[in-house]
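Here's the structure we're looking at; comments come further down.
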Ligand SMILES: Cc1ncc(C[n+]2csc(CCOP(=O)(O)OP(=O)(O)O)c2C)c(N)n1
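Protein chains in written order, with the working numbering: chain B, 1 to 355; chain W, 1001 to 1253.
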């Protein structure tokens, strides 16, 4: 009889750490901020055990720059924070994007703007999907909705960072980070620890020296670099993930991501029991955005209601995706409020009554 | 009698003209670094963390692997490089605007953690690259483009003595200040740099050397007078010497 895979009961933050360890992350740079503290705390004991390095940085600015240094060496490296800290990381994130440096950044989104609160929110959607720092660049952005997805997508994020030589952001929130649930860990096969062999810094021994930089002053050089980045972002478009739930006969499709997507799934189940033809579209990659799949639904004549834990950000991407044939309405859940299925059922029922 | 070559370009220094102004000391500092990379046999293991300032192009002049750090963040980037590649020789090279202003937190904490890296700090009392604005090291009374009447103690505060601050941190192993204004001082500078580099090679922690350097263009002096200014104005305020040396004690703790 084959052994049942072992399940563990952990917070989303721990699921991220377990995923990173399974992906053979070898450097972690952190700074305390709620609601992500379990990540640096656990990393501080787990990194050394697996032969890696943990540094508690003096600030998120420094932590992200340490990440830049480790990424430039082609080592699987990671940092984590929550919204105010992620703002501080934007400097290095822009440099990493500009110098094709792979790295993984986790944001357990909390309420904003400013110091906001320590509860869940999705106010950092624009910041994550539009680059966030200065210049024209994009991150790959993955939005897990469950502890299991947090584990799976963390593993995937390292592969993607190295595949595209680009920073990858995992965008969760306080619900994902703090909620405990059962997950099934698994060990990925065939990780290439030397994925940076052709470009990473290791000392110019028996080869030409290498340079990781984002400064391009020579005539035409920066335009060339921006063209190369653009080409990379085009290549990334083929990598999309999303979940569709009960969309087949749905008249109205609720678009929601992350924890809100998960709560929306419960709402859709409840509404289905009441006989309403509603479904859910949940983007898992926020950049690249699963536009084609949404457009396909729009072409079937479905209507859209985007619900986010912010004042309307992803709805822009939904509208862009379907703009040739349809539009999306929007209902906010205000950052600061803890969302429950009724927060989604309410606006959906209102929409259905008013249609 | 056959001719003997007594002075040549160090192997680690690339044979190309630099972009520096006449009388600028960055070139001298680059050469000292290059000579030591060769003499200590670490060039092939070296990873340079370049900073933002006139010396950002150091990576074009040294034949070593390099990464470009954001303004002031070189010690943090170097911390990451060292965490990733403990067996490599990692060093930063930073100006006084970069290190003593925007990068104050990064250098102090890297020093205090006792990061096993070397920091070369070029103090020319101005932001050279951006056109000679006031730096944290600008001397009282010195005129710059952002303190045109001269730096004033009451208004801008006193110039920061970085080496003394670094020397006061538990994690620093070696901290010294030298000057590049004459041959004697340049030779002393090389001795200090050698010690700072040695700290890392022997895995004994953070090595720091401040180099008092001329910026004739922004000081609006000719190179000879700029050297003289270092002697008469800078050295009296920024005394030369070793401020901490725990190398023989087995490093800092
Ligand atoms: C975040 C940021 N702020 C400002 C600048 C502009 N800047 C470029 S170089 C520099 C000053 C460098 O001066 P210093 O460190 O003293 O070196 P020097 O040029 O004198 O050698 C500044 C402020 C920048 N590149 N990045």
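Even glycine gets a Cβ: it sits at the ideal position worked out from N, Cα and C.
Can you find a CB in chain C that lies within less than 8 angstroms of the CB of residue i?
| i | result |
| --- | --- |
| residue 1203 of chain W | The structure shown has no chain C; the protein chains it does contain are B and W. |
Does the Cβ of residue i lie closer than 7 angstroms to at least one heavy atom of ligand 1?
| i | result |
| --- | --- |
| residue 1124 of chain W | yes |
| residue 1135 of chain W | yes |
| residue 1055 of chain W | yes |
| residue 1019 of chain W | no |
| residue 1052 of chain W | yes |
| residue 216 of chain B | no |
| residue 1147 of chain W | no |
| residue 1071 of chain W | yes |
| residue 1130 of chain W | yes |
| residue 1027 of chain W | no |
| residue 133 of chain B | no |
| residue 1095 of chain W | yes |
| residue 1215 of chain W | yes |
| residue 1098 of chain W | yes |
With respect to the alpha helix (DSSP H) encompassing residue i, which residues constitute its N-terminal and C-terminal limits?
| i | result |
| --- | --- |
| residue 270 of chain B | 258-273 |
| residue 83 of chain B | 83-98 |
| residue 341 of chain B | 341-354 |
| residue 163 of chain B | 147-164 |
| residue 368 of chain B | Summary: the structure shown does not reach residue 368 of chain B, with chain B confined to residues 1 through 355, and so no result is reported for it. |
| residue 1217 of chain W | 1216-1219 |
| residue 61 of chain B | 60-72 |
Over the uninterrupted beta strand (DSSP E) stretch that includes residue i, give me the two end residues.
| i | result |
| --- | --- |
| residue 1163 of chain W | Premise fails: residue 1163 of chain W lies in the alpha helix (DSSP H), 1162-1167, not in any beta strand (DSSP E). |
| residue 117 of chain B | Run containing residue 117 of chain B: none; DSSP gives neither H nor E here. |
| residue 1048 of chain W | 1046-1050 |
| residue 1094 of chain W | 1089-1095 |
| residue 1123 of chain W | 1118-1123 |
| residue 242 of chain B | 242-245 |
| residue 299 of chain B | Element bounds for residue 299 of chain B: not the beta strand (DSSP E) but the alpha helix (DSSP H), 291-299. |
| residue 140 of chain B | 140-142 |
Within this structure, are the beta carbons of residue i and residue j separated by less than 8 angstroms?
| i | j | result |
| --- | --- | --- |
| residue 1068 of chain W | residue 263 of chain B | no |
| residue 82 of chain B | residue 108 of chain B | yes |
| residue 281 of chain B | residue 247 of chain B | yes |
| residue 322 of chain B | residue 294 of chain B | yes |
| residue 1024 of chain W | residue 1214 of chain W | yes |
| residue 354 of chain B | residue 155 of chain B | no |
| residue 118 of chain B | residue 167 of chain B | no |
| residue 1151 of chain W | residue 1140 of chain W | yes |
| residue 1083 of chain W | residue 1049 of chain W | no |
| residue 153 of chain B | residue 287 of chain B | no |
| residue 67 of chain B | residue 46 of chain B | no |
| residue 1186 of chain W | residue 1180 of chain W | yes |
Could you check what DSSP says for residue i in three-state terms: helix, strand or coil?
| i | result |
| --- | --- |
| residue 1200 of chain W | helix |
| residue 169 of chain B | strand |
| residue 20 of chain B | helix |
| residue 281 of chain B | strand |
| residue 1102 of chain W | helix |
| residue 1190 of chain W | helix |
| residue 35 of chain B | coil |
| residue 1151 of chain W | strand |
| residue 40 of chain B | helix |
| residue 307 of chain B | strand |
| residue 233 of chain B | helix |
| residue 318 of chain B | helix |
| residue 12 of chain B | helix |
| residue 1059 of chain W | helix |
| residue 1032 of chain W | helix |
| residue 1245 of chain W | strand |
| residue 1229 of chain W | helix |
| residue 1086 of chain W | coil |
| residue 1021 of chain W | coil |
| residue 287 of chain B | strand |
| residue 1005 of chain W | coil |
| residue 1067 of chain W | strand |
| residue 1014 of chain W | coil |
Residue i touches chain W at which residues, Cβ-Cβ below 7 angstroms?
| i | result |
| --- | --- |
| residue 91 of chain B | 1070 |
| residue 88 of chain B | Those do not exist, as residue 88 of chain B stays about 11 angstroms from chain W at its closest Cβ, beyond 7 angstroms. |
At a CB-CB cut-off below 8 angstroms, which residues of chain W make contact with residue i?
| i | result |
| --- | --- |
| residue 66 of chain B | 1076, 1077, 1079, 1080, 1083 |
| residue 214 of chain B | 1068 |
Using the beta-carbon of each residue, which ones in chain W are nearer than 9 angstroms to residue i?
| i | result |
| --- | --- |
| residue 125 of chain B | Within chain W, no residue comes near residue 125 of chain B; the closest Cβ sits about 25 angstroms away, beyond 9 angstroms. |
| residue 137 of chain B | The contacting residues do not exist; residue 137 of chain B stays about 14 angstroms from chain W at best. |
Could you tell me which chain B residues have their CB closer than 8 angstroms to the CB of residue i, listed as they occur along the chain?
| i | result |
| --- | --- |
| residue 1105 of chain W | 58, 59, 61, 62 |
| residue 1045 of chain W | 203, 205 |
Is residue i near ligand 3, going by C-beta to nearest heavy atom under 7 angstroms?
| i | result |
| --- | --- |
| residue 1099 of chain W | Absence of ligand 3 is noted for the structure shown, with ligand 1 being the only ligands found. |
Output, in chain order, the set of chain B residues within a Cβ distance shorter than 9 angstroms of residue i.
| i | result |
| --- | --- |
| residue 1109 of chain W | 57, 58, 59, 62 |
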